[in-house]
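Before any comments, here is the structure.
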Amino acid sequence: MSIKDQPQPPRFRQIGNILLLLSSLFLLANIFLPSLFGPQIPQVPYSLFVHQVQEQEVARVSVGQNQIRYQLKGEADKPGQVLSTTPIFDLELPKLLEEKGVEFAATPPPKNGWFTSILGWVVPPLIFVAIWQFFINRGGGGPQGALSIGKSKAKVYVEGESAKITFRDVAGVEEAKTELVEVVDFLKSPDRFTAIGARIPKGVLLVGPPGTGKTLLAKAVAGEAGVPFFSISGSEFVELFVGVGSARVRDLFEQAKKQAPCIIFIDELDAIGKSRSSGGFYGGNDEREQTLNQLLTEMDGFAAGNTTVIVLAATNRPESLDAALLRPGRFDRQVLVDRPDLSGREAILNIHAQKVKLGPDIDLKAIATRTPGFAGADLANLVNEAALLAARNKRQAVAQADFAEAIERIVAGLEKKSRVLNEKEKKIVAYHEVGHAMVGAMMTGGGEVAKISIVPRGMAALGYTLQLPTEDRFLLDEAELRGQIATLLGGRSAEEVVFGSITTGASNDLQRATDLAERMVTSYGMSKVLGPLAYDKGQQAMFLNDGMGNARRAVSAQTAEAIDKEVKDIVETAHQQALDILKENRELLETITQKLLETEVIEGEELHDFLARVKANGKVHAAV
Ligand code: ADP
Ligand code: MG
Ligand code: ZN
0 MSIKDQPQPP
10 RFRQIGNILL
20 LLSSLFLLAN
30 IFLPSLFGPQ
40 IPQVPYSLFV
50 HQVQEQEVAR
60 VSVGQNQIRY
70 QLKGEADKPG
80 QVLSTTPIFD
90 LELPKLLEEK
100 GVEFAATPPP
110 KNGWFTSILG
120 WVVPPLIFVA
130 IWQFFINRGG
140 GGPQGALSIG
150 KSKAKVYVEG
160 ESAKITFRDV
170 AGVEEAKTEL
180 VEVVDFLKSP
190 DRFTAIGARI
200 PKGVLLVGPP
210 GTGKTLLAKA
220 VAGEAGVPFF
230 SISGSEFVEL
240 FVGVGSARVR
250 DLFEQAKKQA
260 PCIIFIDELD
270 AIGKSRSSGG
280 FYGGNDEREQ
290 TLNQLLTEMD
300 GFAAGNTTVI
310 VLAATNRPES
320 LDAALLRPGR
330 FDRQVLVDRP
340 DLSGREAILN
350 IHAQKVKLGP
360 DIDLKAIATR
370 TPGFAGADLA
380 NLVNEAALLA
390 ARNKRQAVAQ
400 ADFAEAIERI
410 VAGLEKKSRV
420 LNEKEKKIVA
430 YHEVGHAMVG
440 AMMTGGGEVA
450 KISIVPRGMA
460 ALGYTLQLPT
470 EDRFLLDEAE
480 LRGQIATLLG
490 GRSAEEVVFG
500 SITTGASNDL
510 QRATDLAERM
520 VTSYGMSKVL
530 GPLAYDKGQQ
540 AMFLNDGMGN
550 ARRAVSAQTA
560 EAIDKEVKDI
570 VETAHQQALD
580 ILKENRELLE
590 TITQKLLETE
600 VIEGEELHDF
610 LARVKANGKV
620 HAAV
């Protein structure tokens, strides 16, 4: 194919390129030429300016590179007030000005050397003309998508609307609600807190998988407190032009401060708040970084006490956030919004079922039982699907059968995303977790078992056993390490005891157990055979290793063999211990697992009682 045949780039692409060039020039001028000129005219936020233009209060506008000056419409013989604002690169402005019939022109140049003069004279009008031309060429179509950049697109939900959503509309996330009730108190009566010198938190981070109700909770906080709610999504910040994101953040906070007390809600915070170091070497994203920096500046900017602006943010990837965001005075509070358990799901179904007509045979509890792993949004979707099915079948009300069919459809979708367990898997996970808990209860070193759950958490874990340390520990002795290894193997051992076979679910446990055992031998010198030698090279190895993760000191073949044998011994001894504990408590293993399958979560008093029985058994045995 000859070169001639290549299609010509469309005309709008060329215009786009020119625009890009001009706008970069314009922004550079903004950054490098400080505003030294002009008499001091009252400054107002850009958003107020836009508002005034929209309300047709503005008579004329003159656009400079660092300042937009404008005059309000005067009364009778009095000329209107002259105000100024800081320009934001806003493609919508020329169109808006034209629509509202506002005169506009470029500012006369300040006497500041020829370079400034030329820029001052030439660039802004040129850009204006170019942009204007651009829109006219597009046939007057409004700026869409990527082109509608500039001022913050924050949606504002003011009282009337947000008051409709309260904590009563959110269910199944009781812990998160309890924490947020406090935030509502801050917003309602900040004086009560500042009077005794307490610092009102600025940022609260809602962490949890998609669809668990983070956005809903943020709205409910605003609704409960009766304050305005500014919402913007992190992904909207990441746009074409460098500098736009940070301008938006600035504008958003300006708007919010004027309406304090209020809530700023940043959804998908990870889109701007990704760790700055992670992009680092292979070229980070400048735009995102600037936006993040602006956000940090703004959060540091508003002094607690005089403005009550609380920033709520949501993310499902807290681990990817920049550490600077999590420092005190920023998002120092984290609220976990997790998938609901059985009773939570029933409560959520109750809320959403009120919107549809239910038949007499509906049993919400049974539906909740059949939907483990569903998040709030999935349940809302389920109710709607069932209603659609009922309508399709020309029924007057939704029947249980509609729900059954809807569940099947949704589960098929969710299973692809590997979030929902089938009955058999659920059973295996339950035995597995109870195994961890029972062995953990008998062993020292792992802390107290505080919760067992088979509600899938995050993206990977199917179930989990939560062990909380009873005190801060910096040193662990050999017995405690062995105890931890046995606890890690408890899950797999339970599968062996009950099913006589094992699943792939234990691979992470095995990894961790083996790592611990290896460290006991090679770093902590806990092996009698190998003695107090450090066989791994420690921290230094990070830089010296051979690129294959091989961080071991050069050892003889016999030593390497001995190390392997020791590690294997430790793990196998622990495995045997775990098996023994579970076999001796076979009945309890059954009882606790049945209970867990029923309620999906065991914690608190109930768990404590169960585990006390395990421990008592062990003592009797040891005494004999
Ligand atoms: P997230 O922001 O965590 O992704 P959303 O708040 O956007 O989830 O939830 C989407 C919808 O799902 C909500 O508007 C609501 O209808 C429903 N929903 C989610 N979680 C809950 C919950 N805990 N209680 C009641 N409804 C919920
Ligand atoms: Mg959301
Ligand atoms: Zn496990």
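The sequence shown runs 0 to 623 under numbering that gives the first Met the number 0. Ideal Cβ positions, reconstructed from N, Cα and C, are used throughout, including at glycine.
Tell me whether the beta-carbon of residue i lies closer than 8 Å to the beta-carbon of residue j.
i: A631; j: T443; result: It is not possible to answer for residue 631, since the shown part of the chain is limited to 0 through 623.
i: K201; j: R329; result: yes
i: T513; j: V554; result: no
i: P260; j: L179; result: no
i: G490; j: H435; result: yes
i: I451; j: E422; result: no
i: D360; j: A398; result: yes
i: L291; j: I309; result: no
i: V454; j: T464; result: no
i: A485; j: Q576; result: yes
i: A367; j: L341; result: yes
i: F103; j: V60; result: yes
i: F609; j: I580; result: no
i: V81; j: R68; result: yes
i: Q66; j: P41; result: no
What is the C-beta distance between residue i and residue j, in whole angstroms, given that I count them as a contact (C-beta under 8 Å)?
i: L596; j: K364; result: 15 Å between Cβ atoms; not a contact.
i: V428; j: G504; result: 7 Å
i: Y430; j: V497; result: 5 Å
i: E407; j: L388; result: In fact, because the Cβ distance is near 11 Å, the residues do not count as touching under 8 Å.
i: A217; j: I262; result: 7 Å
i: L645; j: F264; result: The first residue shown for the chain is 0 and the last is 623, placing residue 645 beyond what the model contains.
i: T84; j: V52; result: T84 to V52, Cβ: 10 Å. No contact.
i: A386; j: V355; result: 4 Å
i: E599; j: P371; result: 6 Å
i: V629; j: E517; result: Past the boundaries of the shown model lies residue 629; the chain is included only from 0 to 623, so the question cannot be answered.
i: A390; j: G358; result: Contact flag wrong, Cβ pair sits at about 13 Å.
i: L335; j: A175; result: 7 Å
Closer than 6 Å by C-beta to residue i: which residues in its own chain qualify, once you throw out the five before and the five after it? Chain order, please.
i: A58; result: Q70, K72 and G79
i: E267; result: S232, G233 and S234
i: A313; result: L205, K213 and D266
i: A224; result: V183, L186 and K187
i: T306; result: K256 and A259
i: F373; result: none
i: P33; result: Bear in mind that a pLDDT of 46 at P33, under 50, signals an unreliable position, so the model cannot answer this.
i: K99; result: V52 and Q55
Quick one: residues in its chain with C-beta nearer than 7 Å to the C-beta of residue i, no 5 flanking neighbours on either side, listed in chain order?
i: V613; result: M437, A440, M441, N584 and L587
i: Q293; result: S245, V248 and R249
i: L480; result: G444, L515 and M519
i: G171; result: P339, G343, R344, A346, I347 and G375
i: A561; result: V528 and L529
i: E253; result: P44 and S46
i: R316; result: D269
i: T572; result: none
Ordered along the chain, which non-local residues of its own chain (more than five positions away) have a Cβ less than 8 Å from that of residue i?
i: G524; result: G530, P531, L532 and A533
i: N616; result: E583, N584 and L587
i: E173; result: G343
i: E495; result: I501 and L578
i: T558; result: L529 and Y534
i: T211; result: V172, V336, D337, R338, P339, A374, G375 and A376
- Message: As an exercise, report each continuous alpha helix (DSSP H) stretch of at least 4 residues that is fully enclosed by the stretch 327-359, in chain order.
- Response: As far as the stretch 327-359 is concerned, its whole alpha helix (DSSP H) runs of at least 4 residues are 341-352.
- Item | Every unbroken alpha helix (DSSP H) within the stretch 488-571, with a cutoff of 4 residues, ordered by chain | Counting only runs that start and end inside the stretch 488-571, the alpha helix (DSSP H) elements of at least 4 residues fall at 506-521 and 540-543.
- Counting pairs of Cβ atoms below 8 Å between the stretch 337-354 and the stretch 373-387, do you hit three or more? The stretch 337-354 vs the stretch 373-387: in contact.
- Quick check: the stretch 241-250 against the stretch 204-211, are there 3 or more CB pairs under 8 Å? By the Cβ test, the stretch 241-250 is not in contact with the stretch 204-211, since fewer than three Cβ pairs between them sit closer than 8 Å.
- Item | Entirely enclosed beta strand (DSSP E) segments - the stretch 152-211, minimum 3 residues | Annotation note: the stretch 152-211 contains the following uninterrupted beta strand (DSSP E) runs of length 3 or greater, listed N- to C-terminal: 154-156 and 202-206.
- Item | alpha helix (DSSP H) runs wholly inside the stretch 74-98, at least 4 long, in chain order | Listed in chain order, the complete alpha helix (DSSP H) runs (minimum 4 residues) inside the stretch 74-98 are 92-98.
- Return the chain-ordered ranges of every alpha helix (DSSP H) run that is complete within the stretch 371-408 and spans a minimum of 4 residues. As far as the stretch 371-408 is concerned, its whole alpha helix (DSSP H) runs of at least 4 residues are 375-391.
- 3 or more residues per run - each beta strand (DSSP E) lying fully within the stretch 41-76: If we require 3 residues or more, the beta strand (DSSP E) runs fully inside the stretch 41-76 come out as 57-62 and 67-71.
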